[in-house]
Amino acid sequence: EFLALRLVDGNDCAGRLEVFYNGTWGSICSNRMSQLTAVTVCKHLNCGDSGEIARDFQYSRGAGPTWLDHIECAETHSSLWQCQSDPWNPQSCDNRAEETHISCTGRKEATSPTTFFECPNSTSCSDREKLRVVGGKDGCSGRVEIWHQGSWGTVCDDSWDMADANVVCRQMGCGSAVSALSEAAFGEGTGPIWLEKVHCKGTETSLWDCPAKSLFGKNCDHKEDAAVNCSEQEAADPSESPDSLYVLLHFHSDPPRRAATNRQISMPVILCIILGILLCLVLAILVGQIRSARAQQK
């Protein structure tokens, strides 16, 4: 289970309200929904501190499940997940005319991943602050994915460049970036696309320090997933496959160091050493025989 929220068929801050639950985007019903709930949604999406429920249904109807109904928020709530509602049900609405359409006042401001990954309460959120690359040959090359709201999601390749890739590689302990790849170079991801328009200078120690835009709309799809190739390889745990390699990143902590690589001597190297020793012995014997023959001639 993981949750995400968006407004669709309009723009990032106006449209039909949808929630991502159980792997599927679905609508939210408007029964008993108040103006305060609409304001909470707008705050949740960083779309200003005011909004209203659109009664003219200017946005299209949804096609997926209708997940929630009877949502009631209080003035103290800053996130929709804090509000009361009926239990999750894929058929919460009696009909599509009950779907929620919201228009927010204000502009959705650019946020940094530091704000984006902020804990909703005082409890530790180390389980959510993660970064990984998947689909490559090791844990230092592949599609960039970040952990948010209980699920892995990708990064849109809009404005993705070497400065961004360098920060990712350095934070994972994989050296510097060899290339910053776009257009799903290591395959398309699944689930949400959490960030777009990342603008690192290249000197940051963490991706969370770079300006970026949190993405909840439809401005990007998985054909635009960003990826990296780093200069160094990460030591792999034999029990893990390359696709499962990831590095846990602790909030505002130093980038983790790469695990030391066990430098074992391979079989070809051992054979070369043995052959070299044998060759030296043969040469020594030949030299001894030549000297012995010369001594006898004298």
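Numbering-wise, UniProt numbering puts 87 at position 87 of the sequence shown, and it's gapless, one number per residue. Backbone N, C-alpha and C define an ideal beta-carbon position, used for all residues, glycine too.
- Under the three-state reduction of DSSP output, residue 58 falls in the coil class, being neither helix nor strand.
- Judged by DSSP in its simplified three-state form, residue 231 adopts coil rather than helix or strand.
- Using a 10 angstroms sphere on the CB of residue 172, the tally of other CB atoms reaches 16 or more, which defines it as buried.
- Listed in chain order, the non-local C-beta contacts of residue 229 below 6 angstroms within the same chain comprise 141, 178 and 179, local neighbours out to five positions each way being set aside.
- In terms of Cα proximity to residue 68, the closest of 56, 100 and 43 is 100.
- Secondary-structure assignment with DSSP links residue 223 through no beta bridge to anything.
- Inside the UniProt domain "SRCR" (5-105), DSSP marks whole alpha helix (DSSP H) runs of 4 or more residues at positions 35-44, from first to last along the chain.
- Residue pairing by DSSP puts residue 143 in a beta bridge opposite 134 and 227.
- In this structure, DSSP gives residue 155 an extended state, which the three-state scheme calls strand.
- Residue 130 and residue 282 have their alpha carbons spaced roughly 59 angstroms apart.
- Around the Cβ of residue 64, a 10 Å sphere holds fewer than 16 other Cβ atoms; the residue is exposed.
- In its chain, beyond the 5 residues on either side, 69 and 70 have a beta carbon closer than 6 angstroms to the beta carbon of residue 86.
- Residue pairing from DSSP leaves residue 183 without any beta-bridge partner.
- Assignment of residue 208 by DSSP, reduced to helix, strand and coil, places it in the helix class.
- Between the alpha carbons of residue 104 and residue 207 lies a distance of about 29 angstroms.
- Nearest to residue 186 by alpha-carbon distance, out of 156, 143, 212 and 213, is 143.
- Taken atom to atom, the span from the alpha-carbon of residue 13 to that of residue 41 is near 10 angstroms.
- Listed in chain order, the non-local C-beta contacts of residue 136 below 6 angstroms within the same chain comprise 142 and 186, local neighbours out to five positions each way being set aside.
- Boundaries of the alpha helix (DSSP H) harbouring residue 276: 267-297, taken from the DSSP string.
- A contact between stretches requires three or more CB pairs, one per stretch, nearer than 8 angstroms, and the segment 153-163 meets this requirement with the segment 188-195.
- In the DSSP assignment, no residue is bridged to residue 197.
- Under the 10 Å beta carbon count, residue 183 is surrounded by fewer than 16 other beta carbons and is classified as exposed.
- Where residue 169 is concerned, the enclosing alpha helix (DSSP H) starts and stops at 162-171.
- For the pair residue 94 and residue 82, the Cα-to-Cα distance works out to about 24 angstroms.
- Burial is judged here by how many other beta carbons sit within 10 angstroms of a residue's own beta carbon; residue 45 has at least 16 and is buried.
- Taking 7 angstroms as the cut-off, the Cβ atoms of residue 38 and residue 52 count as close.
- Proximity to residue 61 across 23, 9, 211 and 204 peaks at 9, based on C-alpha coordinates.
- Considering only 223, 168 and 233, the residue with the shortest C-alpha distance to residue 210 is 168.
- Judged by DSSP in its simplified three-state form, residue 176 adopts coil rather than helix or strand.
- Taken atom to atom, the span from the alpha-carbon of residue 133 to that of residue 226 is near 10 angstroms.
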